[in-house]
Structure formats: structure tokens, C-alpha cells
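If you're matching positions, the sequence shown starts at 1 in the UniProt record's numbering and goes up one per residue.
We put the beta carbon where it would ideally sit given N, CA and C, even for glycine.
Given the structure is predicted, the values throughout are model-derived calculations rather than measurements.
Structure first, then comments.
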Amino acid sequence: MKLIRILIVIGLVFVVIAGSGLPATAQEDVDIESEDVDVEHAADRAEVESDDVDYERDADRVDVESGDYDIEQDGDAVDVETDEFEYQRFNGTMELETTDGNLEIDKRSFGVEIDFFGVEIQQVGDELEVEDDSLDYDNDGREGDVDVDTDDYEIEQAINDTEVKSDALEYALTDDTFEFETTRGADIDVEVTGDNDVDIEVNGQDLEQVDDELDLESDEIDFENGDGRTEFETGDYDIEQDDTDLEVEDGTLDIESDGEDVEVEGDG
1 MKLIRILIVI
11 GLVFVVIAGS
21 GLPATAQEDV
31 DIESEDVDVE
41 HAADRAEVES
51 DDVDYERDAD
61 RVDVESGDYD
71 IEQDGDAVDV
81 ETDEFEYQRF
91 NGTMELETTD
101 GNLEIDKRSF
111 GVEIDFFGVE
121 IQQVGDELEV
131 EDDSLDYDND
141 GREGDVDVDT
151 DDYEIEQAIN
161 DTEVKSDALE
171 YALTDDTFEF
181 ETTRGADIDV
191 EVTGDNDVDI
201 EVNGQDLEQV
211 DDELDLESDE
221 IDFENGDGRT
231 EFETGDYDIE
241 QDDTDLEVED
251 GTLDIESDGE
261 DVEVEGDG
């Protein structure tokens, strides 16, 4: 029989209930412990901890760790680490790092830096530099329309419109859209549109961010956070939380807390 312990706190009164199929009970703080998962829920925070998942949410901050995934978000500031990439966004800057290279977009200076497969691309406004072992291209933006075609590269540049293609990558930048795609190595596709819409795919892991809304999806997890609601799902766990309600399922337990009542159902 699974042992489930719930600690419900009202002022200095402590009530301990053991068992399953528990009735709804008014409370301020909830502490639920079982063999597989510990859950703490209060008005301004929630924690779920097990051998496979560590979930914390406090006001606008969310921190989730599970397997190869580490997700931290505070408003529109984001740090995501997986076994395929690391993504950071803060203060108008977006950074992506993979085993094949990295890129950075700085909205404050309208600058782009890319370093993949030994190819370096730097662009600020209409100033563009492309460099590798076989090419050194530098345009200060005052030469008008440019079209360069070599054995390894195609470079087209006009006002607010740049395209770079090689056997390893494709890059395009206009006044409102950034696109980057690898054509060898890891399968990487990045698109940034408008001011805050980011879509990144690395080897089947898909990340999307619009302002403070963040989605990350892969074969192992599904994470969504935004507009006061957080959902995190793995093969064994399903966690859903909004401003007041928390629900945790792990295959054997179903825990629901709405800030006033708590209910636990599971194997007895």
C-alpha cells in the first residue's frame, strides 16, 4: 500500500491525514508526500519533486528540471538547456548554442552574429561580414545592391534584405524577419519575426516564444507557460497550474489543489 501523507496548515493547527481518496478540506498551505512524489502548494508558490521531475513556480518564475531538460523562465527572460541546445533570451538579446555552433541576435543594436561549421557571419543594419577558410566578404552597406556567386557561396544584399547560402547553411535577414537553417550536421531551423516571436527547431525539439509565452516540445516532454498557466508533461508526469489551481498526476496519484480545497486520489 502506498503511504500518502498530507500536512494541512491553518495558523498553528496541523492536521495529518494518511490514506487515499481524501475529502476536500479548506487550508492555506498543503504538503503532500508519497513514495514517489512530494507536492507543496501555497497561494504564491508550488513545488513538485520526484526522482524524475523537479518543478517550482513562484509568481512569474518557473523552474523545471527533468532528465536532459532544464527550463527557467521569469517573464520574458528565459534559459532553456536540453541535450541538443541551450537557448537564452534576456534584455533584448537572444542566444542559441548547439554542438555545431552558435548564434546571437541583439535587438538593441539590430545586430546578428553567427558561427557555424567555421562560417562566421556578422551583420549590423546593412553592414555584413561573411568569413571562412575560402571567403572574406565585407560590405559596409554603402555599395548598393550586391550579388556574389562563388563555388561555395551565394550572397545577395540590398537595403533591408540579405541572403547568404552555402553548402552548410542558409541565412536571411529583412527588416522584420530573421531566418537561419543548417543544411548539414544537426537539423537546425530558426525563425524570428516581428519584435518577439521566436521559433527554433533542433533535431526534433521545438521551442517557441512570444513575449512571456514559452512552449517546448520534444519526444520526451511538453512544456507550456504563459498567461498565468503552466503545463508540463513527461511520459510519467502531468503537471498543470494556473493562478490558483494545481493538478499533479503521476500514473498512480491524482492530486488537485485549488487554493482552498485539496483532493488526492490514488492506489490504496
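- Taking the C-beta atoms as reference points, Tyr-69 is found no nearer than 8 angstroms to Ile-239.
- Look at Phe-232 here: in three-state DSSP terms it is strand.
- Secondary structure at Gly-111: strand, using DSSP grouped into helix, strand and coil.
- Around the CB of Thr-98, 16 or more other CB atoms lie within 10 Å, so the residue is classed as buried.
- Per the coordinates, the alpha-carbon of Arg-184 lies some 15 angstroms from the alpha-carbon of Glu-84.
- Rounded to whole angstroms, the separation of the alpha carbons of Glu-113 and Val-192 is 14 angstroms.
- Taking a contact as a CB-CB distance under 8 angstroms, the pair Asp-212 and Gly-226 counts as one, their CB atoms being some 6 angstroms apart.
- In the DSSP assignment, Asn-102 is bridged to Glu-97, Asp-115.
- Asn-196 is not bridged by DSSP to any residue.
- A direct Cα-Cα distance of roughly 18 angstroms separates Asp-187 from Glu-120.
- Taking each of Leu-103, Gly-75, Asp-74 in turn and checking the Cα distance to Tyr-87, the smallest one comes out for Leu-103.
- Inter-segment contact for the segment 251–266 and the segment 35–49 is present: three or more beta-carbon pairs are separated by less than 8 angstroms.
- A residue is called buried when at least 16 other Cβ atoms come within 10 angstroms of its Cβ; Gly-266 meets this threshold and is buried.
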